[in-house]
Structures are given as structure tokens and as C-alpha cells.
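UniProt numbering puts the first residue of the sequence shown at 1, with every later residue one more than the last. For glycine and all other residues, C-beta sits at the position ideal for the given N, C-alpha and C. These numbers were taken from a predicted model, which means no experiment stands behind them.
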Amino acid sequence: VWSMLKAARKLGESIEDKSIFIKDSTSLERADFRKKWQLETFLKACEQDVDEDWLRPHRAKIDLFLSKMEDFFASQREPDACSSHGSRRSGSVRSAASSTTSSARVKLAQQRAKTYAEKALFEKEERLKEKEMAIRRSQLQQEEERKRIQLQQEEERKRIQLQQEEERKRIQLQQEEE
């Protein structure tokens, strides 16, 4: 994650530095597209492994970075056919649009983080249920083994009693014969 933030910071610095040297509109469009693609790639990479606990304290910095990048891209765009008629968007409209886009991305990242957290919680619950079932099976096996041993001990005790009784009877018969 830190490497992603460093890459974002580097990306932001390179955008600011290189924007001064871009002169003609075609190179501006290519650079705009390339930087925007890099930013989109970075955002997608960040959204894949979002840890909400880590993200919470850094959210303000990330939002600030996103708004700077979107404002930069919005300010570097060439006017389109609609804007050539004098219906040019104001800076506040651009800012509102980028803010909306940024908040939509944040909401999407939050939803993904929530989904990942719910999935992890579900998997953890399943593992706990499996462990609980394994413990129950083990307890049942131990109980069956204990009952089997008790039954064997009872049978052995009865067998010994029978042998002792037979031995007493035999001794008593011998004594009576003498």
C-alpha cells in the first residue's frame, strides 16, 4: 500500500512537472490520456485490496489527491464542440463533477471493502462451524470409546466373578468329598 501511495505521489508530481512542457493539443491529449490511464490503473489496484481500518485514517489524503488529479485533468482538457459555442463549464461545475466522481469512487471502494469484510467474516464463521463440528465428532467418539471400555470392564468383571464362583464351588465339592 505504501508503494502505491508513493507511486501516486510520484504520478502526481510528474503530472504537475510535465504539464508545463506540453505545448500542442495532440501531445496534451496523449499525455492527458496516459496520465488518466495511470491514475485509473492505480485506483483500481487500490480498490482491490482495500483494508477499511487502514483506509479510514488516510481517506482525507486520498480524497485530496483524487480531487487534485481530477481538477488537473479537468483544467487541461481542450474545449469540445459544445464549449466552442460559449456554453463553457465553470470551475465550480468542474469541481462538483470531479467531487461527485471522487465520492462515487470512495463509495465504490467502501462497498468493495464491505463485501470483502463480509466475505472474510462468512469464511471465518464457516471455519468456526467446521471446527465446532470436528470437536463434537471427537467428543462423540471419545464418549463411545469410554462406553466401550466400560462395557469391556463390566464383562471382564462378570467373567472374573463367574470364575471365582466356579472355583469356590469346585473347592467346596472337593472338601465335601474328603
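Could you check the C-alpha separation between K124 and E143 for me, to the nearest Å? Here residue 124 is taken as the residue at index 124 of the sequence shown, counted from 1. Here residue 143 is taken as the residue at index 143 of the sequence shown, counted from 1. Whole-angstrom Cα-Cα distance: 28 Å.
By DSSP, does I171 sit in helix, in strand, or in coil? Position 171 of the sequence shown, counting from 1, holds the residue named residue 171. I171 falls in the helix class under three-state DSSP.
Have a look at Q175 and K158 and give me their C-alpha separation to the nearest angstrom. Counted from its first residue, the sequence shown places residue 175 at position 175. Counted from its first residue, the sequence shown places residue 158 at position 158. Rounded to the nearest angstrom, the two C-alpha atoms are 25 Å apart.
Within its chain, find whatever has a CB closer than 6 Å to the CB of K129; leave out the 5 residues flanking it on each side and keep chain order. Counted from its first residue, the sequence shown places residue 129 at position 129. If we look at K129 and ignore the five residues flanking it on each side, it has no Cβ neighbours.
Evaluate L66 with the Cβ neighbour count: other Cβ atoms within 10 Å of its Cβ, from every protein chain shown; 16 or more gives buried, anything less gives exposed. Here residue 66 is taken as the residue at index 66 of the sequence shown, counted from 1. L66 is buried by the Cβ-count criterion.
From R146 to R137, what distance separates their C-alpha atoms? For this step, residue 146 is matched to residue 146 along the sequence shown. For this step, residue 137 is matched to residue 137 along the sequence shown. Distance between the alpha carbons of R146 and R137 is about 14 Å.
Hey, would you say D71 sits closer than 9 Å to V106, going by beta carbons? Translated into the one-based positions of the sequence shown, residue 71 becomes position 71. Translated into the one-based positions of the sequence shown, residue 106 becomes position 106. At the C-beta level, D71 and V106 stay beyond 9 Å of one another.
Helix, strand or coil for E178? Go by DSSP, reduced to three states. Position 178 of the sequence shown holds residue 178. Correct three-state label for E178: coil.
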